[in-house]
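Let me begin by presenting the structure, written as structure tokens, before commenting on it.
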Amino acid sequence: MARKRFDDSNCSVARALNQVGDWWSLLIVLHAMYGTRRFVDFQQELGIAKNILCDRLARLVENGVLKKVDVGEHGSRFEYRLTEKGRDLFPVVIALRQWGDKWNPAPDEVPLDLRDKATGQPIQPVQVQNAKGEPITVRDVFVPGEPVPGSKKRPA
Numbered sequence: 001m002a003r004k005r006f007d008d009s010n011c012s013v014a015r016a017l018n019q020v021g022d023w024w025s026l027l028i029v030l031h032a033m034y035g036t037r038r039f040v041d042f043q044q045e046l047g048i049a050k051n052i053l054c055d056r057l058a059r060l061v062e063n064g065v066l067k068k069v070d071v072g073e074h075g076s077r078f079e080y081r082l083t084e085k086g087r088d089l090f091p092v093v094i095a096l097r098q099w100g101d102k103w104n105p106a107p108d109e110v111p112l113d114l115r116d117k118a119t120g121q122p123i124q125p126v127q128v129q130n131a132k133g134e135p136i137t138v139r140d141v142f143v144p145g146e147p148v149p150g151s152k153k154r155p156a
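Taken in order, the sequence shown gives residues 1 to 156; the numbers are from our numbering.
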């Protein structure tokens, strides 16, 4: 059965999931962020079947998340590198990692300790902030023109 596509959806989350929404794609992006570039290294680090890896890499390249670069050392050799679009997934991957560490931690392991290269300090949790830089939650936002949750009237 073919997977439903959301290319024409008005929802940006659904459209984004078309490009990076399966677990292999996000894990490939994560490993690319760690510096993995070669097909064989992705395969070894992820334990992914060659045909699935080939498909996901091709899809990530087609969607502009990765670019395939011919490094041409001793014949034809390619590397997969993050594009600007791929690097923009960094806060998404970090937020997902932090969520996973909180709600589904590894049983006998401590969470990965990510630190800022410039300061050596641990990175802070990813948060959504208001215009003043204050943290907000899902209960603090609304969509203009839509009914405000918990209220019978529409916002002005």
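Each residue gets a CB set at the ideal place from its N, CA and C atoms; glycine is no exception. Bear in mind the structure is a predicted one, so any value in this text is a computation, not a measurement.
With 16 other CB atoms within 10 Å as the buried threshold, where does residue i fall?
i: residue 72; result: exposed
i: residue 137; result: exposed
i: residue 86; result: buried
i: residue 119; result: exposed
i: residue 42; result: buried
i: residue 56; result: buried
By Cβ distance below 6 Å, which residues in the same chain neighbour residue i in space, the five residues on each side in sequence not counted?
i: residue 58; result: none
i: residue 89; result: 29
i: residue 128; result: 136
i: residue 83; result: 64, 67
i: residue 1; result: With a pLDDT of 47 at residue 1, under the threshold of 50, the modelled position of this residue cannot be trusted; read the value that follows with caution. Hits under 6 Å: none found.
Which one or two residues does DSSP pair with residue i in a beta bridge?
i: residue 67; result: 81
i: residue 115; result: 122
According to the Cβ coordinates, are residue i and residue j closer than 8 Å?
i: residue 80; j: residue 16; result: no
i: residue 27; j: residue 20; result: no
i: residue 122; j: residue 113; result: yes
Excluding the 5 residues flanking residue i on each side, which residues of the same chain have their C-beta closer than 7 Å to its C-beta?
i: residue 95; result: 126
i: residue 91; result: 126
Kindly list the residues whose CB is nearer than 8 Å to the CB of residue i, restricted to its own chain and excluding five residues on each side of it in sequence; keep chain order.
i: residue 140; result: 130
i: residue 46; result: 24, 27, 28, 31, 53
i: residue 35; result: none
DSSP three-state label for residue i, please.
i: residue 1; result: The pLDDT assigned to residue 1 is 47, lower than 50, so where the model puts this residue is not dependable; a value taken from the coordinates is nonetheless given after this. Three-state DSSP puts residue 1 in coil, outside helix and strand.
i: residue 138; result: helix
i: residue 98; result: helix
i: residue 19; result: helix
i: residue 127; result: coil
i: residue 91; result: helix
i: residue 73; result: coil
i: residue 48; result: coil
i: residue 86; result: helix
i: residue 14; result: helix
i: residue 146; result: coil
i: residue 56; result: helix
i: residue 62; result: helix
i: residue 108; result: coil
Establish whether the CB of residue i and some CB of chain D are separated by less than 8 Å.
i: residue 94; result: Annotation note: the requested chain D is absent from the structure, which comprises a single protein chain.
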